[in-house]
Amino acid sequence: RGTVILAATPIGNTADASARLVALLESADIVAAEDTRRLYALANRLGVHVNGRVVANHDHNERGKADELLDHVENGATVLVVSDAGMPTINDPGLAIVRRAIERGLPVTCAPGPSAVLDALALSGLPTDRFCYEGFLPRKHSERVQYLRSLRGERRTIVFYETLHRIAESMADLEEVFGADRRMALCRELTKDYEQIRRGTIHEINASVVNDPPRGEMVLVVAGASEDEVGEQPQALSVEELAELAVQ
Ligand code: SAM
């Protein structure tokens with residue numbers, strides 16, 4: 023039997039490619055890539071020759087593709103799974119093949135490396151001991167506000183992915199729902215030449231987004247709710263607690 027290997031790829035700086043990634047790109051029997059052209063472009067920059075077969079494995083075909091790839095693993099192949107940037111499965115394809123491999127009892131492992139979540143969290147200066155990753159916020163204003171409301175009492179540091187197209191609206195909603203004063207960091211173009219981290223209160227970052235719209239790729243890291251803020255929230259009572267109150 024072969025193995026499925028998830029491999030992280032650079033999120034901006036080619037030199038972040040691990041020696042293991044380079045070796046695997048050369049030796050894997052099959053490379054399942056989110057975008058085959060981008061995979062070849064990366065291999066070019068790394069000066070690596072991809073000897074195996076390269077197949078497309080994107081969000082739209084990955085479920086159907088998983089079993090076909092795993093049949094090859096059963097017959098001894100090493101299947102390397104890569105996405106366009108960072109860690110596969112983190113807002114990127116890869117999870118379908120991991121799940122199917124587990125179900126079929128086939129080996130799956132990981133060659134870890136860059137991922138924007140941890141890079142941004144570590145640079146934010148906010149607590150890193152407990153955090154939650156929320157991926158992208160909903161696109162629609164009403165859904166986004168509702169979603170942010172559900173996170174208002176979250177005590178852990180919160181990490182969101184964002185795009186330049188929606189950053190202005192998301193920041194406005196964040197200030198409306200979380201208030202002006204919480205601390206946050208907007209981390210853009212991580213590992214690239216124009217990397218920039220803007221740190222401040224939600225209000226300050228919101229103002230900076232209006233005055234100097236950030237370009238490129240970005241991650242928002244927002245401090246969790248303080249004890250006081252959580253105390254201010256109207257507390258929902260459980261059925262048992264309500265019954266107890268009724269008895270009193
Ligand atoms: N799998 C990737 C990872 O492990 O980070 C994430 C893929 S997701 C489709 C793309 C998003 O990741 C971007 O919209 C941005 O929020 C974030 N991102 C990726 N690279 C980044 C970078 N160099 N700087 C800042 N954010 C980045």
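Each residue of the sequence shown is one higher than the one before, counting from 23 in UniProt numbering.
We put the beta carbon where it would ideally sit given N, CA and C, even for glycine.
Check: residue i C-beta below 7 angstroms from any heavy atom of the ligand SAM
i	result
T185	yes
T213	yes
E84	no
R210	yes
M240	yes
S105	yes
V120	no
G135	no
Cβ-based burial, residue i [other Cβ within 10 Å; buried from 16]
i	result
F153	buried
I52	buried
G86	exposed
E184	buried
S192	buried
S164	exposed
A45	exposed
E96	exposed
S146	buried
I124	exposed
G127	exposed
DSSP three-state assignment for residue i, whether helix, strand or coil
i	result
M193	helix
L128	coil
A37	helix
R152	coil
A123	helix
V76	strand
Residue i versus the options, residue with shortest Cα-Cα distance
i	options	result
N233	L145, I189, E90, L46	I189
D141	I33, V252, I27, G253	I33
D195	A229, R178, R210, H71	A229
A65	L91, D89, D106	D106
E197	P236, Y62, V231	V231
F200	H225, Y216, V181	H225
Nonlocal neighbours in the same chain, by C-beta distance under 8 angstroms from residue i, ignoring five residues either side
i	result
T223	A202, D203, R204, R205, M206
T213	P32, I33, G34, N35, D38, P136, D141
H80	E56, D57, P115
Cutoff 7 angstroms; reference residue i; Cβ partners in own chain excluding five residues on either side
i	result
Q218	R210, E211
L148	T179, R205, A207, V243, A245
Other residues of its chain near residue i: CB distance less than 6 angstroms, five sequence neighbours each side excluded
i	result
residue 16	Coverage of the chain is limited to positions 23 through 270, which leaves residue 16 absent and any answer about it impossible.
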